[in-house]
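Here this note's numbering runs 204 ahead of the position in the sequence shown, where the first position is 1.
By construction, the Cβ of each residue, glycine as well, lies at the ideal position given by its N, Cα and C atoms.
What follows is a set of notes on a single structure, which appears directly below.
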Amino acid sequence: MILLTITHGRIRMFTKLAYFLYQIIFISIIFFNLINFANSEQYFTAEEIFVTATRINTPAKKIGSPISIIDSKEIDKMQFIDLSEAISHIPGLNKVSIGNTGHQTSVFIRGTNSNHSLTLIDGIEMGDPSASSGAFDYGNIFLGMIDRLEVLRGPQASTYGSEAIGGVVNIITPVPFEDYFLYQMNLGTNSSHREKLEIARVFDRVKFISSISFNASDGDSITSPRFRGAGSFDEKDSFANMSGSFKLNLDLYDTTDLNFIFHYFDTKAELDPTAEDPDANSTATQYFSKVEISSFLFDDIVNNILSLNLSKIKREFFNYPDELSNTFQSTLDDGERIKFTSRSDILYFQDHILSLGFEYEHEKQDNTQFADFSGFVIEGSSSETSVTKTVFLQDTYSYSNSFHVIGDLRYDKNQRFEGEFTYRLSPVFYIKPINTRIRAAYGTGFRAPALFELFGSSTTAFGDSFRGNRNLTPEKSKTWELGFDTQLLKNNLFFSMTYFDTEIDDLIVASGFPTVPIHSLNAKINGIETQTTLIPTKKIKINLSHTFTSSENKESGTALLRRPKHKLDFDLQITPSEKLEIINYVQYIGKTSDVGFNGGSVYRGGYIISNIAANYKINNKLKFYGKINNILNNKYEVADGFKGQDRSMHLGFKKIW
Numbered sequence: 205m206i207l208l209t210i211t212h213g214r215i216r217m218f219t220k221l222a223y224f225l226y227q228i229i230f231i232s233i234i235f236f237n238l239i240n241f242a243n244s245e246q247y248f249t250a251e252e253i254f255v256t257a258t259r260i261n262t263p264a265k266k267i268g269s270p271i272s273i274i275d276s277k278e279i280d281k282m283q284f285i286d287l288s289e290a291i292s293h294i295p296g297l298n299k300v301s302i303g304n305t306g307h308q309t310s311v312f313i314r315g316t317n318s319n320h321s322l323t324l325i326d327g328i329e330m331g332d333p334s335a336s337s338g339a340f341d342y343g344n345i346f347l348g349m350i351d352r353l354e355v356l357r358g359p360q361a362s363t364y365g366s367e368a369i370g371g372v373v374n375i376i377t378p379v380p381f382e383d384y385f386l387y388q389m390n391l392g393t394n395s396s397h398r399e400k401l402e403i404a405r406v407f408d409r410v411k412f413i414s415s416i417s418f419n420a421s422d423g424d425s426i427t428s429p430r431f432r433g434a435g436s437f438d439e440k441d442s443f444a445n446m447s448g449s450f451k452l453n454l455d456l457y458d459t460t461d462l463n464f465i466f467h468y469f470d471t472k473a474e475l476d477p478t479a480e481d482p483d484a485n486s487t488a489t490q491y492f493s494k495v496e497i498s499s500f501l502f503d504d505i506v507n508n509i510l511s512l513n514l515s516k517i518k519r520e521f522f523n524y525p526d527e528l529s530n531t532f533q534s535t536l537d538d539g540e541r542i543k544f545t546s547r548s549d550i551l552y553f554q555d556h557i558l559s560l561g562f563e564y565e566h567e568k569q570d571n572t573q574f575a576d577f578s579g580f581v582i583e584g585s586s587s588e589t590s591v592t593k594t595v596f597l598q599d600t601y602s603y604s605n606s607f608h609v610i611g612d613l614r615y616d617k618n619q620r621f622e623g624e625f626t627y628r629l630s631p632v633f634y635i636k637p638i639n640t641r642i643r644a645a646y647g648t649g650f651r652a653p654a655l656f657e658l659f660g661s662s663t664t665a666f667g668d669s670f671r672g673n674r675n676l677t678p679e680k681s682k683t684w685e686l687g688f689d690t691q692l693l694k695n696n697l698f699f700s701m702t703y704f705d706t707e708i709d710d711l712i713v714a715s716g717f718p719t720v721p722i723h724s725l726n727a728k729i730n731g732i733e734t735q736t737t738l739i740p741t742k743k744i745k746i747n748l749s750h751t752f753t754s755s756e757n758k759e760s761g762t763a764l765l766r767r768p769k770h771k772l773d774f775d776l777q778i779t780p781s782e783k784l785e786i787i788n789y790v791q792y793i794g795k796t797s798d799v800g801f802n803g804g805s806v807y808r809g810g811y812i813i814s815n816i817a818a819n820y821k822i823n824n825k826l827k828f829y830g831k832i833n834n835i836l837n838n839k840y841e842v843a844d845g846f847k848g849q850d851r852s853m854h855l856g857f858k859k860i861w
């Protein structure tokens, strides 16, 4: 206890010292720039970035929600390996991993549940219909063929439907504009290795790009040493992943395009259901495909888009008998989603873009379980389907460059529930004399219960351990937010601040034994996000973001689990020469409550992680790079009982022909 107190005290002291030093540096740089303002050059260009927050390409300046975009150049520079690592740097997002890279990972956006964020790849929903709570596992998705990541914070249910209470994460893959061939490889700690091949070809009316990547590591034990008794063994928990993507664009006519998209992810990871388990492992195989045709009609007044998406996800868990237990367990989950969308964007009005359409979605969940408890055999299975029909309407209105507003209306009718009507309004005001954008938004949302929550079951030697509840109804939310963005010092200083307030009613919570999901919780969440980017010279860039989140169970007054009150991200990017760039990234995660590894509630102290990366460009076609994670080798737990990443490193190169 004394040691833990001292460690926490040091972390707190180091955090305050680091933040104090940063404030001194930050204020000094601002003061220096103010003195030299009249003679300073403009290094930071406020490029107009188009996003898919509205389903159509819309300038970021017109959207009332905070938007974070990580493009392929930034991913390369920071040397992100998987999706969860990349988005964990974004304000308002908190990553919780049950182990290291390749293991189960949840993401909480603005204090909402991990199943309140919608994840897309090229507009295809990636959520697993067979998952126990509908939450998406970010640990299985490695960054292969990618153009950019778009993260929209705030309710997007009126645009995307169920699950988008907290926000949306969209992975967008590139459309090539030239021929190239790319090979990338890196090697690192714990025999980790990564290889990536990518090829793109461009013809007169045909463009295609394809990529395949491999990621694997012998890993380390994912459980904390404090749960292993004296003399107990420590075994490594490895992972291996193969990912593939293919994208084809056909320009059928001058006004008609046909797109075909396919993504494949296959991951195997060793697990520790107990303090150590040498024979437990899981596999996840995921397919995502899309066919889309887009046509401009009536002299380009109407853009009509038809798309058909198919997703198949297969997850398996095996735990073989070993020296710790004679039990054999296996679980097989199959999820499938088919979704058809018809959307028309009407461009007839000068100041309006009107979008309307409908969707049809069919989901299926299959679950099979088998367990042999020393001769006592238990088997079970379930299979259920769900159909949702949707109509939606959206209007984007602009008055000059000073005022923009987006309004959304949506109606979802699931065969098992009453219809859900959601809406959202987000005005944006631009004040040109002070180069400031003031934005606001109000929106409602919902999350339909997962099929497993309704009909699933699981068993142990003592009987049922989980039983679905057919009487569940959707969770409902309402959120408002207010914020501003401003650029100073000839656009070399960017500052953004957002206050958000969310209420969620009828949250589904597992209760009792056997565990049964019930509506037993209403939540109140509010907080402030701030983000600063400063570019004092062409060779230096500084990013700082802070998120304060207050989350509360309205019935008990206690904080929601795994929501730190404070999250601080800082990175310093230095480019000493045209060939070399160095990045130091520091993240602080504050104290949070959690479910104990052995049951009950625990309170975990905060921790600091510091990484450093370097890139050396020989020319535009060849570069070498390296990265050290957790430089100080701090010991921490992201989830109680599961150790965080120890110090690790990798070296690699990327070659383009």
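For residue i, the residue or residues it bridges with in DSSP
{"i": "F625", "result": "Y615"}
{"i": "I517", "result": "Q490 and G539"}
{"i": "H467", "result": "S449 and F492"}
{"i": "L501", "result": "V506"}
{"i": "S273", "result": "For the sequence presented, residue 273 should be read as Ile rather than Ser. Looking at the DSSP assignment, I273 forms a beta bridge with E354."}
{"i": "F532", "result": "D576"}
{"i": "I712", "result": "H723"}
{"i": "L322", "result": "V372"}
{"i": "F381", "result": "According to DSSP, which records beta bridges pairwise, F381 is partnered with nothing at all."}
{"i": "S586", "result": "N571"}
{"i": "I729", "result": "T706 and S755"}
Secondary structure of residue i, DSSP reduced to three states
{"i": "F235", "result": "Interpretation of F235 is limited by its pLDDT of 42, a score under 50 that renders its predicted location unreliable; no figure is taken from the coordinates."}
{"i": "G281", "result": "Reading off the sequence shown, one finds Lys at residue 281, where the question assumed Gly. K281: helix per DSSP, three-state reduction."}
{"i": "P653", "result": "coil"}
{"i": "G579", "result": "coil"}
{"i": "S288", "result": "helix"}
{"i": "L658", "result": "helix"}
{"i": "K743", "result": "coil"}
{"i": "G856", "result": "strand"}
{"i": "R643", "result": "strand"}
{"i": "G687", "result": "strand"}
{"i": "G343", "result": "helix"}
{"i": "P768", "result": "coil"}
{"i": "N394", "result": "helix"}
{"i": "R430", "result": "helix"}
{"i": "T363", "result": "helix"}
Neighbour flag for residue i against chain C, beta carbons, 8 Å
{"i": "N605", "result": "Judged by its chain identifiers, the structure shown contains no chain C, having just a single protein chain."}
Member of the options whose CA lies at the smallest distance from the CA of residue i
{"i": "V311", "options": "N304, T305 and K299", "result": "K299"}
{"i": "P380", "options": "N453, L401 and Q360", "result": "N453"}
{"i": "V713", "options": "N374, T545, A654 and E622", "result": "A654"}
{"i": "F577", "options": "P525, F688 and I708", "result": "P525"}
{"i": "W861", "options": "Q573, Q691, Y384 and S272", "result": "Y384"}
{"i": "I375", "options": "F340, F717, K518 and L353", "result": "L353"}
{"i": "L772", "options": "L764, E759, G810 and V799", "result": "G810"}
{"i": "F492", "options": "E540, I708, L510 and A257", "result": "E540"}
{"i": "H608", "options": "E624, E439, D599 and R614", "result": "D599"}
{"i": "P637", "options": "P768, Q360, A645 and N605", "result": "N605"}
{"i": "Q791", "options": "Y829, Q308, V842 and K827", "result": "V842"}
{"i": "K728", "options": "S585, T572, F752 and N757", "result": "N757"}
Local Cβ density within 10 Å of residue i, reported as buried at 16 or more and exposed below that
{"i": "P171", "result": "Lying before the first or after the last residue shown, residue 171 is absent from the chain, which here runs from 205 to 861."}
{"i": "D458", "result": "exposed"}
{"i": "N530", "result": "exposed"}
{"i": "H854", "result": "buried"}
{"i": "P740", "result": "buried"}
{"i": "G579", "result": "exposed"}
{"i": "Y840", "result": "buried"}
{"i": "I426", "result": "buried"}
{"i": "P429", "result": "exposed"}
{"i": "H556", "result": "exposed"}
{"i": "L764", "result": "buried"}
{"i": "D341", "result": "buried"}
{"i": "V372", "result": "buried"}
C-beta contact flag for residue i and residue j at 8 Å
{"i": "S447", "j": "F466", "result": "no"}
{"i": "N508", "j": "S548", "result": "yes"}
{"i": "N445", "j": "T487", "result": "no"}
{"i": "I793", "j": "I786", "result": "no"}
{"i": "G331", "j": "G338", "result": "yes"}
{"i": "V355", "j": "I291", "result": "yes"}
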